[in-house]
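Asker:
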Amino acid sequence: MIDRRKMLGACLAGLGLGACGGQTSELSALGRGIDDVLLTSSGGEDLAWRSLRGRPRALFFGFTHCPEICPVTIYELTASAERLGPPGAALRIDFVTVDPERDTPERMASYFSGFGPNVTGFTGSEAALGRLRAAFDITATRTPLASGDYTMDHTATVFLLDRGAIVRDVIAYGSTQTLIDERLGSVIGA
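If you're matching positions, the sequence shown starts at 1 in our numbering and goes up one per residue.
Here is the structure:
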């Protein structure tokens, strides 16, 4: 059996997402056992992870003070969903913070307002967010900056979930728009 950490590590190291093909059972094992995790949306709504079922989703872990990777990723996902036309409107883009200290629901609502109505930020208790990070094999490390502030070094993978909230595919940061379109189209059935 393939170690899912090694498999995702290979994807993240740039060995190509093609290497992930055929590993559906390994991918679908991600995100299990977290139905009861409670989150707060950027709209201020408290909800359980299980309530996110019903629509295909692109799930990304990041933070709103991120200088490049997070906003570029969200932009690329929203642009791809728009290119897919009406089927793309079914896609939800979910952003789970790795920096709950700064990413309040209000901060995330403001941050995501320019990305469109299908993007939602989520925060929660450190315990809840820790369970989500563990379930998706996400690493996140607080790194001090010379200015006295800090940044977050984190896994930059997008997880594509079907309507049952099962991971069906992943997209690595830096993937081409063509690949992003193909993968999103596949998970939404476009």
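Even for Gly, the Cβ is constructed at its ideal location relative to N, Cα and C.
Taking buried to mean at least 16 other C-beta atoms within 10 Å of its own C-beta, is P56 buried or exposed?
Answerer: buried
Asker: So, is P67 buried or exposed, given that buried needs 16 or more other C-beta atoms within 10 angstroms?
Answerer: exposed
Asker: Identify every run of the beta strand (DSSP E) within the region 109-187, keeping only runs that are complete inside it and at least 3 residues long; order them along the chain.
Answerer: 119-123, 140-144, 150-154, 157-161 and 167-172, all fully within the region 109-187.
Asker: Measuring alpha carbon to alpha carbon, tell me which residue in A165, G148, F61 and L47 is nearest L91.
Answerer: A165
Asker: Pull up the distance between the alpha-carbon of G114 and that of D35, whole angstroms please.
Answerer: Between the alpha carbons of G114 and D35 lies a distance of about 29 Å.
Asker: Is I34 helix, strand or coil when you go by DSSP?
Answerer: coil
Asker: Can you give the beta carbon distance from V119 to I138, rounded, assuming they're within the 8 Å contact cut?
Answerer: That pair is no contact at about 19 Å.
Asker: Mapping DSSP to helix, strand and coil, what is L59?
Answerer: strand
Asker: Measuring alpha carbon to alpha carbon, tell me which residue in P117, F61, G130 and L145 is nearest A172.
Answerer: F61
Asker: Where does L52 sit, in a helix, a strand or coil, going by DSSP?
Answerer: helix
Asker: What would DSSP say about S42, mapped onto helix, strand or coil?
Answerer: coil
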